[in-house]
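Visitor: Here it is, the structure, as structure tokens.
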Amino acid sequence: MEFENIVLTKEVPIAIIQLNRPDALNALNHHMMTELAACLDQLDSDRSVNAIIITGNEKAFAAGADIKEMESAGTVEMLERDSFSVWDKMKRIGKPLIAAVNGFALGGGCELAMMCDIIIAGETAKFGQPEINIGVMPGAGGTQRLPRVVGKQKAMEMVLTGAAINAEEALQWGLVNKVVPAEMCLEETKSLARLIASKPPLAVKLAKESILKAFDISLKDGLEFERKNFCMLFSTEDQKEGMRAFIEKRKPQWKGK
Ligand code: DAK
Numbered sequence: 003m004e005f006e007n008i009v010l011t012k013e014v015p016i017a018i019i020q021l022n023r024p025d026a027l028n029a030l031n032h033h034m035m036t037e038l039a040a041c042l043d044q045l046d047s048d049r050s051v052n053a054i055i056i057t058g059n060e061k062a063f064a065a066g067a068d069i070k071e072m073e074s075a076g077t078v079e080m081l082e083r084d085s086f087s088v089w090d091k092m093k094r095i096g097k098p099l100i101a102a103v104n105g106f107a108l109g110g111g112c113e114l115a116m117m118c119d120i121i122i123a124g125e126t127a128k129f130g131q132p133e134i135n136i137g138v139m140p141g142a143g144g145t146q147r148l149p150r151v152v153g154k155q156k157a158m159e160m161v162l163t164g165a166a167i168n169a170e171e172a173l174q175w176g177l178v179n180k181v182v183p184a185e186m187c188l189e190e191t192k193s194l195a196r197l198i199a200s201k202p203p204l205a206v207k208l209a210k211e212s213i214l215k216a217f218d219i220s221l222k223d224g225l226e227f228e229r230k231n232f233c234m235l236f237s238t239e240d241q242k243e244g245m246r247a248f249i250e251k252r253k254p255q256w257k258g259k
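Note that the numbering used here has the sequence shown beginning at 3, numbered continuously upward.
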């Protein structure tokens, strides 16, 4: 598949998607989001890929949804645009998603990073929800995912002031997993992606699914969900291989079956 606003690089068993509208600081227009969702969908069913990185460039991960594209829209148009379904598609990606963030991750850019399972930040990264400064509020998870990660008070501060935080603050607040020198950001993220990609894919998929469930359902239901996924893995060849390899003191060979 050919893309215009993103660049897909496969380094099997990982894949890297680079957002590529540098002149607009990777502002997320509808076309780019549609391409991103299609690309993720394609990679999710590609058995040669076990982990996916989303990144930008040295100046911006993404400076938000494209303001120029939204400016003249009315409520009905916003509701009728299929932008929300494009974002919804991303929630359904089963493979691990890792964001490598340098520069601005603002508005929809911050929300996109938060949709990823892990975020590695370069020292130059800036995270914020500045929608309040342009007369609106976050529309793709900023008022829901952010408080679950940084807590109510800090989410209130970010959303109500629109002020961005730097990489070090993002680390302290639990928004990112690790801060590294900007020029190392993609390489560090690739190492992490390769490590995760070396694990049994079905166990990774069900573990991701189970952790995400924790944000949607009660502890009681979540524990039940986890138990079922755990037991389900005992019907995979990888479970037999992993446990046998441990007992035989050798490295397991995963089949993803
Ligand atoms: N949209 C469109 N263009 C943008 C942009 C954006 N979000 N951010 C930057 N650009 C463009 C600039 O207009 C400029 O273009 P030209 O003038 O050269 O044509 C170019 O990128 C370079 O930007 P600056 O000249 O402004 O660069 P600076 O270094 O001076 O400033 C900045 C960098 C990041 C501080 C500044 O560009 C800025 O404040 N950008 C806007 C940040 C922002 O407000 N972001 C939130 C947007 S609202 C939804 C899902 C999500 C959302 C909505 C709906 N659905 C599912 C429906 C999310 C909403 C948002 O994110």
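Every residue gets a Cβ at the ideal spot worked out from N, C-alpha and C, and that includes glycine. Predicted model only: the values in this text are computed from it and were never measured.
Comparing the CB of Ile-167 with every heavy atom of ligand 1, is any distance shorter than 7 Å?
Guide: Start at 1 with the first residue of the sequence shown, and residue 167 comes out as number 165. Flag unset: Cβ of Ile-167 not near ligand 1.
Visitor: Can you find at least 3 beta carbon pairs, one from the stretch 84-92 and one from the stretch 9-29, that sit closer than 8 Å?
Guide: With a cut-off of 8 Å, the stretch 9-29 and the stretch 84-92 do not count as touching, because too few Cβ pairs lie within range.
Visitor: Let's see if you can read the secondary structure: which residues bound the beta strand (DSSP E) around Gly-224?
Guide: Residue 224 sits at position 222 when you count from the first residue of the sequence shown. Element bounds for Gly-224: not the beta strand (DSSP E) but the alpha helix (DSSP H), 221-234.
Visitor: Is the beta carbon of Asn-7 sitting closer than 8 Å to the one on Phe-63?
Guide: Along the sequence shown, read from residue 1 onward, the residue named residue 7 stands at position 5. Along the sequence shown, read from residue 1 onward, the residue named residue 63 stands at position 61. For Asn-7 and Phe-63, no; Cβs fall outside 8 Å.
Visitor: Check the DSSP bridge columns for Gln-44 and list the partner residues they point to.
Guide: In the sequence shown, the residue the question calls residue 44 occupies position 42. According to DSSP, Gln-44 bridges with nothing at all.
Visitor: For Ala-53 versus Ile-198, is the C-beta spacing smaller than 8 Å?
Guide: Residue 53 sits at position 51 when you count from the first residue of the sequence shown. Residue 198 sits at position 196 when you count from the first residue of the sequence shown. Closer than 8 Å, so yes.
Visitor: In this structure, does DSSP put Leu-177 in helix, strand or coil?
Guide: The residue you call residue 177 lines up with position 175 of the sequence shown. Correct three-state label for Leu-177: coil.
Visitor: For Ser-85 versus Met-35, is the C-beta spacing smaller than 8 Å?
Guide: If you number the sequence shown from 1, residue 85 lands on position 83. If you number the sequence shown from 1, residue 35 lands on position 33. Yes. Within cutoff.
Visitor: So what does DSSP say about Lys-192, is it helix, strand or coil?
Guide: Along the sequence shown, read from residue 1 onward, the residue named residue 192 stands at position 190. Of the three classes helix, strand and coil, the one that applies to Lys-192 here is helix, per DSSP.
Visitor: Would you check if the stretch 193-207 and the stretch 126-146 touch, i.e. whether three or more CB-CB distances between them fall below 8 Å?
Guide: No, the stretch 126-146 is not in contact with the stretch 193-207.
Visitor: Using a threshold of 8 Å, state whether the C-beta atoms of Ala-65 and Leu-99 are closer than that.
Guide: Taking the first residue of the sequence shown as position 1, residue 65 is located at position 63. Taking the first residue of the sequence shown as position 1, residue 99 is located at position 97. Contact: no.
Visitor: Within the continuous beta strand (DSSP E) that includes Phe-288, where are the two ends?
Guide: Nothing in the structure corresponds to residue 288, since the chain is present only between 3 and 259.
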